[in-house]
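Plus 1160 on top of the position in the sequence shown (first one is 1) and you've got the working numbering. Worksheet: one structure, shown below.
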Amino acid sequence: MSDRAAIERAVAELAAGRLVAVPTETVYGLAADATDGEAVAGIFEAKGRPRFNPLIVHVADRAMAERIARFGPLSAGLADCFWPGPLTLVLPLEPGSGIHPLVTVGLDTVALRMPQGLARDVIAALGRPIAAPSANTSGRISPTSAQAVQDDLGSKLAYILDGGPTNVGVESTILKVEGDTVRLLRPGGLTSEEIEAAIGRPIVTGSAGPAIEAPGMLVSHYAPDASVRLNAQRIEPGEALLAFGPNRGIGADQAVAIRNLSEKGDLREAAANLYADLQALDRYGARMIAVEPIPHHGLGTAINDRLSRAAAPRAQ
Ligand code: TXA
Ligand code: MG
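What follows is the structure in structure tokens.
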């Protein structure tokens, strides 16, 4: 099918209130018309997602964004610099936006982003915003290919729009803009260094209060079936290895399976490979995945965030 025919099919399903997986530059999203409450309820059901966890609204252009949220000078500047792209802004919700309250779980803020890729063409053709969390069962690894969506949620979706592998590979960076303050709620595909260079001031990390600010940032998340052991210096018997850089001296030949995020030690390449490599090691059936240390700057911040959640104790 041509891209055009595939986009038309996706739009027809969304307009009929059904669920469609769409490729963005970060990960595949599980999309529904954000103004249709029944369709949005279907997202929570298909993912097994807790109802207190709000969804990101995706728009095609600034006019659509400004009907949904109130922008100030700082948030408008961020959108000018980085949209379309892997940046989500949490902003005051505009009354009468038409966004169904299930999307925002009744908050007076909304998480908004303008994605790159076929997802944006779909939204433009639909003429309405879509709500789209990552297209995985809640708590599991986000999909970076149509096949990964098919394997996890295939039977629950009306259609999967195949746009090939995503090129960023980790979810968008989420910022909350309040007056003069820009707070990082989730590290992601746009680095703090890039943001700070653009706005000329430091971004604030850490919570402003006791509540969880991005309610989806539960500790155990992005989890493969295998357990995950971080900052491994040696391979223990029976372990698979998620390597980074030229893996000398770690005993890589002892590992039952190996994937290397980036042999040349490139963090962008590592982010793009992260979820597919975790899935591949899982398919191999390893009980434990040992992960080599990943530098904690640039995209390494988002990679380490996801890996530490994958390694966190799981509620069962
Ligand atoms: O790259 C991405 O952001 C992908 C693609 C599909 O766009 N989407 C994604 O969505 O990662 P999801 O649902 O997996 O993560 C959305 C995060 C959650 O942690 C949620 O709690 C937070 O955004 N969020 C949504 N609305 C919020 C709000 N009003 N205030 C604070 N956090 C919010
Ligand atoms: Mg997710």
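Note that beta-carbon positions come from the ideal geometry of N, C-alpha and C, so glycine has one too. Note that the structure is predicted; figures quoted are calculated from it, not measured.
Cβ-heavy atom distance, residue i to ligand 2, below 8 Å
i: N1464; result: no
Best match in the options for proximity to residue i [C-alpha to C-alpha]
i: R1211; options: V1217, H1218, A1201; result: A1201
i: P1473; options: S1315, G1299, E1354; result: G1299
i: T1248; options: F1204, L1278, P1293; result: P1293
i: E1423; options: G1445, Y1435, I1454, V1416; result: I1454
i: D1385; options: A1440, P1252, L1286; result: A1440
i: Q1393; options: R1361, V1171, A1450; result: A1450
i: P1183; options: A1357, R1443, L1278, P1246; result: L1278
i: A1194; options: D1311, T1365, V1263; result: V1263
i: A1470; options: A1170, L1438, L1459; result: L1438
i: V1416; options: L1434, G1445, G1409, A1430; result: G1445
i: G1405; options: G1460, R1361, E1185, Y1435; result: G1460
i: Q1276; options: Y1319, D1221, P1233, A1165; result: D1221
i: D1465; options: E1331, R1447, Q1414; result: E1331
i: I1259; options: I1216, P1246, G1232; result: I1216
Residue i: CB within 8 Å of a non-hydrogen atom of ligand 1
i: H1457; result: no
i: T1184; result: yes
i: I1216; result: yes
i: A1199; result: no
i: R1300; result: no
i: S1332; result: yes
i: V1250; result: yes
i: T1264; result: yes
i: L1179; result: no
i: L1402; result: no
i: R1478; result: In the structure as shown, the chain begins at 1161 and stops at 1476. Residue 1478 is therefore absent and cannot be evaluated.
i: G1366; result: no
Beta-carbon separation (whole angstroms), residue i vs residue j, contact threshold 8 Å
i: S1235; j: V1337; result: 4 Å
i: L1179; j: L1267; result: With a Cβ gap of about 23 Å, L1179 and L1267 do not count as contacting.
i: Y1188; j: P1303; result: 5 Å
i: L1251; j: A1229; result: 4 Å
i: G1348; j: T1365; result: Not confirmed; about 13 Å, so no contact.
i: A1206; j: A1199; result: 11 Å between Cβ atoms; not a contact.
Residues bridged to residue i [DSSP beta-bridge criterion]
i: S1294; result: G1189
i: V1265; result: Answer is none; V1265 lacks a bridge partner.
i: P1183; result: Y1188
i: S1387; result: M1448
i: R1346; result: I1334
i: A1400; result: I1449
i: N1327; result: DSSP, once it has assigned bridges, lists no residue as partnering N1327.
i: I1530; result: Since the first residue shown for the chain is 1161 and the last is 1476, residue 1530 is missing from the structure and cannot be characterised.
Ligand 3 heavy atom lying under 8 Å from the CB of residue i
i: R1273; result: Among the ligands present in this structure, namely ligand 1 and ligand 2, ligand 3 is not found.
Query raised in the report: Within the structure, which residues are defined as neighbours of ligand 2 by a Cβ-heavy atom distance below 6 Å, reported in chain order?
Result: In chain order, the residues that have a beta carbon nearer than 6 Å to some heavy atom of ligand 2 are P1293, S1294, S1302.
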